[in-house]
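What follows is one structure encoded as structure tokens, with my remarks underneath.
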Amino acid sequence: MAARHPRPARAPAPRPRAVARRARVRALVPRPRLGGALLPDVRARLPAGRPARGRADRPRPAPRDPGGRVTTEFLLARHGHATSGPDHRWDASDPLTETGLAQAAELGAALAARAERPDRIVASPAVRAQQTAAACAAALGLEVETEDRLMEFGSGALSPFTLSEMLELAPYDDIWHPDDSAWDGETIGAFWTRTGAAAEAIWRAGGRPLVVSHVGTMQGILRWAMAVPPDSPDSFALLVDNASLTDLVVRLDRHGRRRAEVHRLGATDHLTTRTAI
118 MAARHPRPAR APAPRPRAVA RRARVRALVP RPRLGGALLP DVRARLPAGR PARGRADRPR
178 PAPRDPGGRV TTEFLLARHG HATSGPDHRW DASDPLTETG LAQAAELGAA LAARAERPDR
238 IVASPAVRAQ QTAAACAAAL GLEVETEDRL MEFGSGALSP FTLSEMLELA PYDDIWHPDD
298 SAWDGETIGA FWTRTGAAAE AIWRAGGRPL VVSHVGTMQG ILRWAMAVPP DSPDSFALLV
358 DNASLTDLVV RLDRHGRRRA EVHRLGATDH LTTRTAI
């Protein structure tokens, strides 16, 4: 008995609604013209109240370089050794020590000797950061821009006290709580938000900025670069020496995503004397 060959399955008949939908779509696209030039015509024929979305409707990122990416090469420098360092006090008026002034001069000389030098200097308003930035500016022939949002963690009424004295006056959880505090200082969540906003503004300007600030501020910038939410618990602690350099490259890729690369962290090979406080 001869083998029977199965009959090819018939495609299911299109549903009436699908046929009507295809007809409406075909009516919107004049033939044989196809392509992006038809987009305005198609949008004009969309039903009223239906928003037309496309690439032009998406939020625009920061200006892009010729390669299609925003690239900012941050040079993050911590201030030199300050008079408040040994006491762990966060008073903005404390100046650099003689050691700190020497460190700032060595930092400026190292930056001036780089093949790719900074094209701008942005500094915290704290005296110790301004003095460090001024030494770098003298070596590089640049002006110092002051960014208030780069200031160290605001400890409010506790700023004249040392860290050990602070912990006696206010519980540890009150000082470092992300959303609330039992004193008039800045919450750590507000601090991360502030430093992240400063980093965002500097990043959008592009270039190769030297950012002179504090260890807490640098941690806030790194958190921003890695997209850590301000209300997220600390996932790392940053410990870098005075007048150290951290190379951070932040770019926007072709998909509009921010990418961060840490090339060096807390480098001190340019310093004769190292201090960590």
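Note that the working numbering has the sequence shown beginning at 118, numbered continuously upward.
Heads up, the beta-carbon is just placed ideally off N, CA and C, and yes, glycines get one too.
Proximity of residue i and residue j at Cβ, strictly below 8 angstroms
i    : j    : result
G323 : T189 : yes
Q248 : P277 : no
C253 : L327 : yes
G306 : W341 : no
V261 : A250 : yes
A256 : A226 : yes
V367 : R375 : yes
E285 : W207 : no
R325 : D236 : yes
V239 : I319 : yes
R195 : V345 : no
Sequence-distant residues of the same chain with beta carbon closer than 8 angstroms to residue i, five excluded per side
i    : result
R381 : L362, T363 and D364
E223 : A360, H387, L388 and T389
E317 : W341
Proximal residues to residue i (C-beta, below 6 angstroms), its chain only, five neighbours per side dropped
i    : result
L267 : S241, A315, S330 and T334
S201 : D208 and D211
G197 : L213, G217, Q220, A221, T249, N359 and A360
T392 : H198 and N359
Whole-angstrom distance between residue j and residue i, CA atom to CA atom
i    : j    : result
R371 : R321 : 16 angstroms
G302 : D265 : 16 angstroms
P350 : W309 : 11 angstroms
G217 : D348 : 34 angstroms
G373 : A232 : 30 angstroms
A199 : I394 : 8 angstroms
T214 : A377 : 34 angstroms
G171 : L228 : Residue confidence is low: G171 scores 41 on pLDDT, short of 50, so the model does not pin down where it sits. Its coordinate-derived value is still stated next. Roughly 45 angstroms between the two C-alpha positions.
G258 : L339 : 27 angstroms
T263 : Q220 : 20 angstroms
T304 : L355 : 18 angstroms
A230 : T385 : 15 angstroms
R177 : F191 : At R177 the pLDDT is 38, less than 50, meaning the model places this residue with poor confidence and gives no usable figure here.
Residues that DSSP places opposite residue i in a beta bridge
i    : result
R330 : For clarity, residue 330 is Ser in the given sequence; the question names Arg instead. R195.
R368 : T188 and R376
R391 : DSSP lists no partner for R391.
R381 : D364
L213 : A199
G324 : T189
Own chain partners of residue i with C-beta closer than 7 angstroms, once the 5 adjacent residues on each side are dropped
i    : result
G383 : V357, D358, S361 and T363
M343 : A377
R234 : L228 and L257
(message) What ranges does the alpha helix (DSSP H) occupy inside the stretch 225-267, keeping only unbroken runs of at least 4 residues that lie completely in it?
(response) Here the runs fully enclosed are 244-257.
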